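For reference, the structure is listed below as structure tokens.
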Amino acid sequence: MRFFIAIGGLSVSFAAAIYSTVFRQEGNFYATAFAASFALISSVLVGMATVPYLARRVKLRRFRERFHYDFTREGMAYIVVVLVIGVAGVFSFYPAKVLGALGDGGAVITDDDATARALGELRDHGRDKDTGEVVRWGRNTRLDNLQAAVLRVKLRHVNEEIARRRELARRYTRNLGDVQEVVLPPPPDVAPGDPHVDVFQNYEIEAERRDNLRAFLGERGVGTLLQWGGKGVHQFPALGIAQRLPRTEAILARSLMLPMNTSLTEDEVDYVSEQIREFYATR
């Protein structure tokens, strides 16, 4: 019975997603919003209720082993959301990113022609790329040629950059894995063949007596960072978010970003680690 519910429900959701695309191209905002919302909600509900059940009962063991993926409700919900509402993806080329330019920059990718055309106009004063006519209000947000040239070179080495960051993360894990007062991020290669790859854009730990540790490291020449000053979005009064999130606030009060970039040497990672070990051994 669940098989037929799954097939029927997902078929209806897929049809609603198709109609939402049609309505969007016609410029019918309300119909687009309704169809897309219906597709999203129905597909998530059907997926969470039926797909994990079916996947574990149909003979898909070889598939799961080959791709190292298990069919969980959370995983199916994520996949469905991406498939239904994933119109475009955004990349930041901020200098501190893994693939960073020399200044601010970014890119948007999409397989939707209408979205691509609109974005092209918005980035160039609202001008139509074929006629040069201004067809909408826009901005001057074109990526500088110099930044593009830098990124083209760095893109060829991005896998090396990621591999280096992961090696530094392994070294932090080896050096600090037995320090009880800190919680480290999951290290690379938790399980062989794990498809979830952390590029270690940052290396953020949880630490007891975080502020004292930060001051101790600073005195010894080790720079550290607090993400957004150690605050959650809801903790900035000017935003007017009257909400308490005790668990989030507890994690933020312990979080600390250690040095992580490809210019670091093994000796520097060892030095940072030694200072952390000394702090907790003597205090």
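Read in order, the letters of the sequence shown correspond to residues 49 to 331 in our numbering.
For each residue, glycine too, the CB sits at the ideal point set by N, CA and C.
Small disclaimer: the values here were computed from a predicted structure and weren't measured.
- Message: Here's the rule: buried if 16 or more other CB atoms are within 10 angstroms of the residue's CB, otherwise exposed. What is Ala-211?
- Response: Locating residue 211 in the sequence shown gives position 163, where the first residue counts as 1. Its Cβ having fewer than 16 others within 10 Å, Ala-211 is exposed.
- Whole-angstrom distance between Val-146 and Asp-172, CA atom to CA atom: The residue given as residue 172 occupies position 124 in the sequence shown. The residue given as residue 146 occupies position 98 in the sequence shown. Rounded to whole angstroms, Asp-172 to Val-146 spans 27 Å at the Cα level.
- Query: From what residue to what residue does the beta strand (DSSP E) around Gly-168 run?
  - Reply: Along the sequence shown, read from residue 1 onward, the residue named residue 168 stands at position 120. Run containing Gly-168: none in the beta strand (DSSP E); it sits in the alpha helix (DSSP H), 161-170.
- For Gly-56, is the classification buried or exposed, using 16 other Cβ atoms within 10 angstroms of its Cβ as the cut-off for buried? Walking along the sequence shown from the start, residue 56 turns up at place 8. Its Cβ having fewer than 16 others within 10 Å, Gly-56 is exposed.
- Item | Integer-rounded CB distance, given that Tyr-328 should sit under 8 Å from Glu-208 | Taking the first residue of the sequence shown as position 1, residue 208 is located at position 160. Taking the first residue of the sequence shown as position 1, residue 328 is located at position 280. With 8 Å as the limit, Glu-208 and Tyr-328 do not qualify as a contact, their Cβ atoms being about 34 Å apart.
- Message: With H, G and I counted as helix, E and B as strand and the rest as coil, what does DSSP make of Asn-188?
- Response: The residue given as residue 188 occupies position 140 in the sequence shown. Strand.
- Task: Round the Cβ separation of Ala-155 and Phe-139 to the nearest angstrom and send it over; I've been treating them as touching at under 8 Å.
- Result: In the sequence shown, the residue the question calls residue 155 occupies position 107. In the sequence shown, the residue the question calls residue 139 occupies position 91. Confirmed, Cβ separation roughly 5 Å.
- Query: Cα separation between Asp-152 and Asn-188?
  - Reply: For this step, residue 152 is matched to residue 104 along the sequence shown. For this step, residue 188 is matched to residue 140 along the sequence shown. In a straight line, the C-alpha of Asp-152 is about 13 Å away from that of Asn-188.
- Would you kindly check if the distance between the Cβ of Val-317 and the Cβ of Leu-216 is under 7 Å? Against the sequence shown, residue 216 aligns to sequence position 168. Against the sequence shown, residue 317 aligns to sequence position 269. Result yes, Cβ atoms of Leu-216 and Val-317 sit closer than 7 Å.
- Starting from the C-beta of Phe-284, find all residues in its chain whose C-beta is less than 8 Å away, skip the five residues before and the five after it, and write them out in chain order. Here residue 284 refers to the residue found at position 236 of the sequence shown. Nothing meets the Cβ criterion.
- Query: Is the segment 289-298 touching the segment 181-199 in the sense that three or more CB pairs, one from each, lie closer than 8 Å?
  - Reply: no
- Task: Could you tell me the distance, in whole angstroms, from the CA atom of Phe-86 to the CA atom of Tyr-220?
- Result: By 1-based counting over the sequence shown, the position of residue 86 is 38. By 1-based counting over the sequence shown, the position of residue 220 is 172. Cα to Cα, Phe-86 sits roughly 46 Å from Tyr-220.
- Any idea what DSSP makes of Ala-255, helix, strand or coil? Locating residue 255 in the sequence shown gives position 207, where the first residue counts as 1. The answer is strand: DSSP assigns Ala-255 an E or B state.
- Taking DSSP as the reference, what is the three-state secondary structure of Ala-103? By one-based count along the sequence shown, residue 103 stands at place 55. Because the pLDDT of Ala-103 is 48, which lies under 50, any placement of that residue in the model is unreliable, and the question is left without a value.
- Message: For Phe-111, which residues in the same chain have their Cβ closer than 7 Å to its Cβ, ignoring the five residues on either side in sequence?
- Response: Counted from its first residue, the sequence shown places residue 111 at position 63. Bear in mind that the predicted position of Phe-111 carries a pLDDT of just 41, short of 50, making it unreliable; the figure below should be weighed with that in mind. Same-chain partners within the cutoff: there are none.
- Query: Exposed or buried, which one is Pro-236 when buried takes at least 16 other CB atoms within 10 Å?
  - Reply: Start at 1 with the first residue of the sequence shown, and residue 236 comes out as number 188. Answer is buried; the Cβ neighbour count reaches 16.
- Message: Let's see if you can read the secondary structure: which residues bound the beta strand (DSSP E) around Phe-139?
- Response: Position 91 of the sequence shown, counting from 1, holds the residue named residue 139. From DSSP, the beta strand (DSSP E) with Phe-139 extends over 136-140.
- Message: Rounding to the nearest angstrom, what Cα-Cα distance links Gly-271 and Ala-136 in this structure?
- Response: Working through the sequence shown from its first residue, we reach residue 271 at position 223. Working through the sequence shown from its first residue, we reach residue 136 at position 88. Those two C-alpha atoms are separated by around 36 Å.
- Output the boundary residues of the alpha helix (DSSP H) element that contains Thr-221. The residue given as residue 221 occupies position 173 in the sequence shown. Here the alpha helix (DSSP H) through Thr-221 covers 206-224.
- Can you grab the Cα-Cα spacing for the pair Arg-204 / Thr-80, in whole Å? In the sequence shown, counting from the first residue as 1, residue 204 sits at position 156. In the sequence shown, counting from the first residue as 1, residue 80 sits at position 32. Going from the Cα of Arg-204 to the Cα of Thr-80 covers about 40 Å.
- Please report how far the alpha carbon of Asp-259 lies from the alpha carbon of Gly-278, in whole angstroms. Here residue 259 refers to the residue found at position 211 of the sequence shown. Here residue 278 refers to the residue found at position 230 of the sequence shown. The straight-line gap from Cα to Cα measures roughly 10 Å.
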